[in-house]
Each structure stands twice: as structure tokens, then as C-alpha cells.
Ligand SMILES: Nc1ncnc2c1ncn2[C@@H]1O[C@H](COP(=O)(O)OP(=O)(O)O)[C@@H](O)[C@H]1O
Ligand SMILES: [Mg+2]
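In UniProt numbering, the protein residues as written are 1 to 357.
So, in C-alpha cells, the structure goes:
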């Protein structure tokens with residue numbers, strides 16, 4: 001079993017409120033990602049779960065049992081850090097075996113565990129090499145194997161892919177998902193990279209300034225962001241936000257008017273933000289709902305081009321075919337898929353889109 005429930009975690013360092021009532025319910029066997037920018041409180045949350053940080057308030061339950069006061073060693077959790085050094089004088093095999101040796105496992109148990117882990121991470125042929133004889137990516141895999149060779153209640157991973165180059169990071173994303181599935185273990189994985197979160201997680205908790213903004217599946221967090229901040233943090237290119245207000249059955253912005261979606265209930269005059277993702281906008285199709293603008297810039301990305309369109313004083317990011325062309329200043333009409341739009345209260349930032357959908 002590997003259920004982790006952290007409730008109402010509070011922790012301050014002097015004047016900094018690192019955790020301001022963090023609650024996470026991590027189901028057994030899930031790949032649970034805590035996503036947030038630097039300083040959001042991700043590491044502190046993991047350390048609190050591991051028992052390495054004394055809390056001001058809150059509780060940690062492991063498999064239903066209150067473990068708030070337990071010493072780290074009694075929690076049966078494995079922490080995997082951003083940077084982990086291998087023992088330089090030991091072979092990969094001995095590096096991976098070291099946590100099991102420390103627990104006085106038998107040689108046959110150790111051999112079986114190292115074999116299983118090295119086949120999972122595709123490092124069988126490295127086992128007799130020392131760290132100096134391996135590439136960075138190979139060392140990373142060996143280090144990961146060493147961390148994963150134990151069978152703790154849950155693995156707590158703090159940005160373990162941050163130090164890798166992009167190609168290897170992308171590769172390791174797929175590997176980690178595969179490893180998670182084959183181990184069936186609970187992973188609590190911390191990252192500031194929304195792509196990692198969306199691609200690997202069963203559930204994502206989005207953290208900002210020590211507060212959980214939203215918990216959900218990657219699809220829920222992407223398609224139904226609870227607030228303007230989550231909408232902006234998740235998704236690339238960033239969601240475009242246009243200031244507007246409700247007027248009867250219309251949304252009125254700077255130089256534009258769109259039909260107000262029925263679910264966006266707001267009294268007239270209330271300041272709102274219309275959130276539009278690049279893939280829900282088009283400069284190539286014609287539709288009823290459209291915004292007048294002018295071409296501001298083109299960002300070719302190989303498989304697609306992101307077109308920046310100026311609407312009033314704001315810039316909209318629009319996804320287009322890679323062959324799209326145009327000159328800055330050219331007048332454009334941007335078609336909006338209003339069914340997929342988001343509307344936020346400009347004051348509280350909260351989404352108005354959820355209630356009526
Ligand atoms: N030991 C510490 N002493 C003082 N401030 C700390 C300490 N650890 C973390 N903080 C502060 O708490 C906040 C959250 O930190 P952290 O949990 O490391 O964030 P993250 O991992 O999301 O980047 C930050 O403002 C950080 O500076
Ligand atoms: Mg951190």
C-alpha cells in the first residue's frame with residue numbers, strides 16, 4: 001500500500017509562509033505531480049511528507065495511519081533528489097546494490113533486485129562500469145535505479161530530471177511513466193515544468209505561494225483551470241487573456257464584441273478576462289465569433305506556427321499551419337471557438353466557466 005494524505009500543512013521560515021494550508025490526497029499507486037514555479041513550496045511539501053521538516057500545523061497520514069510525529073526513517077518513504085551523486089569508486093552494480101546492502105539483504109536478493117531494475121532502466125550493459133566510464137545520461141539512469149531499487153511505501157521525487165539536457169529529459173519522461181506502471185508504486189513527483197506534469201501525471205496539484213490552486217487530472221487542469229493563474233501556468237503557448245466586461249448577452253472588450261457564452265454568468269459591467277488558448281483560435285477559418293486584429297509577429301515552430309495578433313493593446317497567440325504567411329500590420333480576423341473559451345473574474349481570478357458547463 002502507498003496512500004499519502006497530507007492535510008492542512010503549514011510551515012513558515014521567519015517571515016516566509018512557505019506552506020499555507022497545503023492539502024494533498026495521494027491515492028495508492030498513482031503518479032501524483034506537484035506542479036508550481038520556483039518558491040511555491042514544492043520541496044517543503046515533500047520534506048514535510050518525508051518528516052524532514054517540522055510543521056507549524058497539519059497532519060500526514062500514511063496508509064491511513066497518523067505519521068505526523070514519526071521520524072523520517074519510520075515512514076518507509078524514499079526521497080529522490082534533483083542531483084544525486086554516485087559513489088565514484090563503485091561499479092554501477094555496486095552503486096545500485098548499496099541501499100540493499102545497507103539493509104543487510106542477502107546476495108541473491110540483491111542480485112535479483114539489481115537485475116530487475118537494470119532491465120527496467122536499460123542499463124544491463126553498464127553494470128560493471130564505474131561512473132567515470134559513463135555518460136551523464138547513463139549516470140542518471142544508474143542513480144535512478146539506485147533510488148528505485150528499494151520498495152518503499154512511496155517515492156518522493158524532487159525535480160529529478162532538471163539537470164538533464166532536453167532530449168534526455170523527454171526520453172526519461174516516457175521511461176519514468178513506464179517504470180511507474182511496472183512498479184505499481186506511489187510516486188509523488190515535484191516539478192516546475194508543466195509539460196512534465198501534463199505528460200506523466202495521473203493527478204496534478206498546482207501549487208502557488210504555499211497554496212494549492214487546483215487538483216485534478218492533467219486534462220481537467222488544462223481544460224478547466226480553476227483560476228486565471230492556473231490557466232496561465234499550464235499550457236504552451238500561454239493562454240491569451242483579454243480584458244472585457246459583460247453587457248447583456250455580449251462580452252465587450254477594447255474594440256471587439258463577442259456573444260457571451262451562456263455559462264459565463266456575470267452582471268453587467270463586471271470586469272472579466274476572456275481566456276483563449278492558441279488551438280481554439282484560428283486566422284484561417286471563418287466563423288461567426290471573431291475578433292478584429294492585426295498581425296504582430298510569426299513564430300514558426302516546425303509542425304505549426306504561432307501567430308501573434310494584436311487586438312486593441314493586447315496580443316493573442318493563435319495556432320496556425322506551418323505554411324502560414326503574412327506581414328506585420330496586416331489586418332486579420334481571428335475566429336474564436338467560444339465553446340472552449342474561459343472566462344475569469346478579473347478581480348478574484350476565479351473561473352466563471354465551470355458552473356454551467
Ligand atoms: N530552510 C529554509 N529557510 C528559509 N526559507 C526557506 C527554507 N526552505 C524554503 N524556504 C523558502 O520557502 C519558500 C518555499 O520554498 P521551496 O519549498 O523550496 O519551494 P520550491 O521547491 O517550490 O521552489 C521559498 O520562499 C523559500 O525561499
Ligand atoms: Mg524545490
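Backbone N, C-alpha and C fix where the C-beta goes; we use that ideal spot for every residue, glycine too.
- Within 10 angstroms of the beta-carbon of residue 13 lie fewer than 16 other beta-carbons, which makes it exposed.
- A distance of 9 Å or more separates the beta carbons of residue 292 and residue 307.
- If you check the CB distance, residue 36 and residue 206 come in under 9 Å.
- Not one heavy atom of ligand 1 sits closer than 8 Å to the Cβ of residue 266.
- Listed by position along the chain, the residues with Cβ atoms less than 5 Å from a non-hydrogen atom of ligand 1 are 13, 16, 18, 38, 39, 40, 41, 42, 43 and 44.
- At a cut-off of 8 Å, the beta-carbon of residue 209 does not count as near ligand 2: no heavy atom of the ligand is closer than that.
- Shown here for residue 79: same chain residues with a beta carbon closer than 6 Å to its own, the five before and five after excluded, namely 50 and 156 in chain order.
- For residue 338, the CB contacts under 8 Å within the same chain, skipping 5 residues up- and downstream, are 258, 259, 261 and 289 in chain order.
- Counting the other Cβ atoms within 10 Å of the Cβ of residue 203 gives 16 or more, which makes it buried.
- Cβ contact annotation for residue 217 (same chain, cutoff 8 Å, sequence separation greater than five): 201, 202, 203 and 204, in chain order.
- Around the Cβ of residue 313, a 10 Å sphere holds fewer than 16 other Cβ atoms; the residue is exposed.
- When distances are taken from the beta-carbon of residue 196 to the heavy atoms of ligand 2, even the shortest one reaches 8 Å or more.
- Positions of the alpha helix (DSSP H) runs, each at least 4 residues long and wholly inside the stretch 81 to 162, are given as 92 to 102, 107 to 120 and 136 to 148 in order along the chain.
- Here residue 161 is buried. Its C-beta has 16 or more other C-beta atoms within 10 Å.
- Comparing C-alpha distances from residue 317 to each of 255, 298, 107 and 92 shows the shortest one belongs to 298.
- Excluding sequence positions up to five before and after residue 52, its CB lies within less than 7 Å of the CB of 72, all in the same chain and listed in chain order.
- At the C-beta level, residue 148 and residue 121 come within 9 Å of one another.
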